[in-house]
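Chemist:
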Amino acid sequence: MRNALPERRAELGWSQQRLADELGVSRQTVISIEKGRFDPSLPVAFRLAAVFGCTIEDLFSPD
Amino acid sequence: MSQPTASAPKSNIGRARFGGGTAALVIVSLVIGLAISSGLGALYAWLGETGEGWMRFAIVAIVTLPVSIMLPWALLVDRSSLEGAVDRPEDSVEARWYSKAAEGTMHDVLITVGIGAALFSFTQLQVDTGMLLIVFGTLVMADFGVRYQLAKRADA
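Line by line, the protein sequences give chains R and V.
Here this note's numbering is used: the first residue of the first sequence is 79, the next is one more, and so on.
Here this note's numbering is used: the first residue of the second sequence is 1297, the next is one more, and so on.
1. Are the C-beta atoms of R/Arg87 and some chain V residue less than 8 Å apart?
2. Taking 8 Å as the cut-off, does the segment 1404-1421 of chain V touch the segment 125-141 of chain R (at least 3 CB pairs, one atom from each stretch)?
3. If you reduce the DSSP assignment to three classes, tell me which class R/Phe138 lands in.
4. In this structure, does DSSP put V/Val1436 in helix, strand or coil?
5. When the cut-off is 8 Å and only beta carbons count, does R/Ser139 lie next to chain V?
6. Going by the CB atoms, is the gap between V/Ala1357 and V/Ser1377 shorter than 8 Å?
7. Measure from the alpha carbon of V/Asp1387 to the alpha carbon of each residue in R/Arg86, R/Asp117 and R/Gly91, then state which is nearest.
8. Using three-state DSSP, classify V/Val1423 as helix, strand or coil.
9. What residues in its chain sit with their C-beta under 6 Å from that of V/Phe1440, if we drop five residues either side in the sequence?
10. Name the chain R residues that come within less than 8 Å of V/Ala1452, Cβ to Cβ?
11. Within the same chain, show all residues whose beta-carbon is closer than 8 Å to that of V/Gly1316, passing over the 5 residues directly before and after it, in chain order.
12. Does the beta carbon of R/Pro84 come closer than 8 Å to any beta carbon on chain V?
13. In the segment 1389-1411 of chain V, which residues sit with their C-beta less than 8 Å from some C-beta in chain R, listed in chain order?
14. Does any CB atom of chain V fall closer than 8 Å to the CB of R/Gly102?
15. Quick one: Cα of V/Leu1343 to Cα of V/Val1382, how far?
16. Starting from V/Arg1384, find everything on chain R with Cβ-Cβ shorter than 7 Å and list it in chain order.
17. In angstroms with no decimal places, state the Cα-to-Cα distance between R/Arg80 and R/Gly114.
18. Determine whether the beta carbon atoms of R/Val103 and R/Val122 lie at a separation below 8 Å.
19. Could you give the distance in angstroms between the alpha-carbon of V/Pro1305 and the alpha-carbon of V/Val1373?
20. Could you pull out every residue in the same chain whose Cβ sits closer than 7 Å to the Cβ of R/Ser110, ignoring the five residues on either side in sequence?
21. In chain order, what residues of the same chain lie with their CB nearer than 7 Å to the CB of V/Ile1365, ignoring the 5 residues before and after it?
22. Within 10 angstroms of the Cβ of V/Gln1445, are there 16 or more other Cβ atoms? Answer buried if so, exposed if not.
23. By the three-class DSSP mapping on this structure, what secondary structure does R/Arg115 have?
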C-alpha cells in the first residue's frame, strides 16, 4: 500500500519520533509504515488521518 | 492539531501503579521477589533427597531471584511512567513481529512434538524427562528469538 506519510510529516516539520509519540506507537512502526512494509491497523489509520487533518484515502492508496 | 502533552518524568524503572513512587515499587518488588525465591528454595530443599538442604535452598533461591523480582515489578509498574514505553504497543509493528514469531514457533512445536512422539514410540527410547523438557524449552525459546529477528529484518 502506498502512503503519503513522509510528505505529510515533512509539511508539519515533524520527526518520525514526534509522529510516533502522537500516535502512541514506536518510532519503528512509523518507519515501517512509511516504507510500505507495515499496514497500520484501522485505529492507527484513523489516528493518522486525525493528526494530519485529512481522510484515510488521502494518506493511503492501493498499489 | 494535537500537541504533545506535558507529563510526569519517566524513568527506566518507572513508578508503582498503586500510587507509590520508584522507591516503593523497588522495595515491594524486592520483598515479593525474596519471598517467592525463598519459598521455591524451601520447597526444593524439602523435596530433595540428595545434598545439603541449605545448599539446595541457597542455589534455587539465588538462581530464581532475578525472575522473582522482575515478575512483581512487571505486574505493579505503571507503564506510562516507563521511559520508551509506547501507549499502544498492540498497534506497533513490534506486536506483529511477536505474533509472526509466536505463530511460526507454535507450528514448529506441533511438528517437533509429533515427530518426536512417533520417534520415541517406534524406538522405545527412554530419556530423562526433566532434561528433555529443558532442552526442548531452550530450543523453543531460541526458535522464537530467531523468528522474531527474521520478522524484524523483513519489516524494518
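We put the beta carbon where it would ideally sit given N, CA and C, even for glycine.
Modeler: Result, derived from the coordinates:
1. Taking Cβ atoms only, chain V never reaches closer than 8 Å to R/Arg87, which makes this a no.
2. Proximity of the segment 125-141 of chain R to the segment 1404-1421 of chain V falls short of the contact definition, fewer than three beta-carbon pairs being nearer than 8 Å.
3. Strand at R/Phe138.
4. In the three-state reduction of the DSSP assignment, V/Val1436 falls in the helix class.
5. It does not; no Cβ of chain V falls within 8 Å.
6. For V/Ser1377 and V/Ala1357, no; Cβs fall outside 8 Å.
7. Checking every option, the nearest Cα to that of V/Asp1387 belongs to R/Asp117.
8. V/Val1423 sits in coil when the DSSP states are folded into three classes, being neither helix nor strand.
9. Here the set comprises Ala1397 and Thr1401.
10. For V/Ala1452, the C-beta contacts it makes with chain R under 8 Å involve Gln106, Ile109, Ser110 and Arg115, in order along the chain.
11. Cβ-Cβ distances below 8 Å link V/Gly1316 to Val1324 in the same chain, with the five nearest sequence neighbours on each side left out; the list follows chain order.
12. No, because no Cβ of chain V sits closer than 8 Å to the Cβ of R/Pro84.
13. Look at the segment 1389-1411 of chain V: the residues with a C-beta under 8 Å from a C-beta of chain R are Val1389, Glu1390 and Arg1392.
14. It does: the Cβ of R/Gly102 has a partner Cβ on chain V nearer than 8 Å.
15. The alpha-carbon separation between V/Leu1343 and V/Val1382 amounts to approximately 44 Å.
16. Simply Gly102 and Val103.
17. Their Cα atoms are separated by approximately 6 Å.
18. Closer than 8 Å, so yes.
19. Linking V/Pro1305 to V/Val1373 through their CA atoms gives a straight-line distance of about 14 Å.
20. So the list reads Phe116, once near-sequence residues are dropped.
21. For V/Ile1365, the CB contacts under 7 Å within the same chain, skipping 5 residues up- and downstream, are Ser1325, Leu1326 and Gly1329 in chain order.
22. Under this definition V/Gln1445 is an exposed residue.
23. The DSSP-derived three-state label of R/Arg115 is coil.
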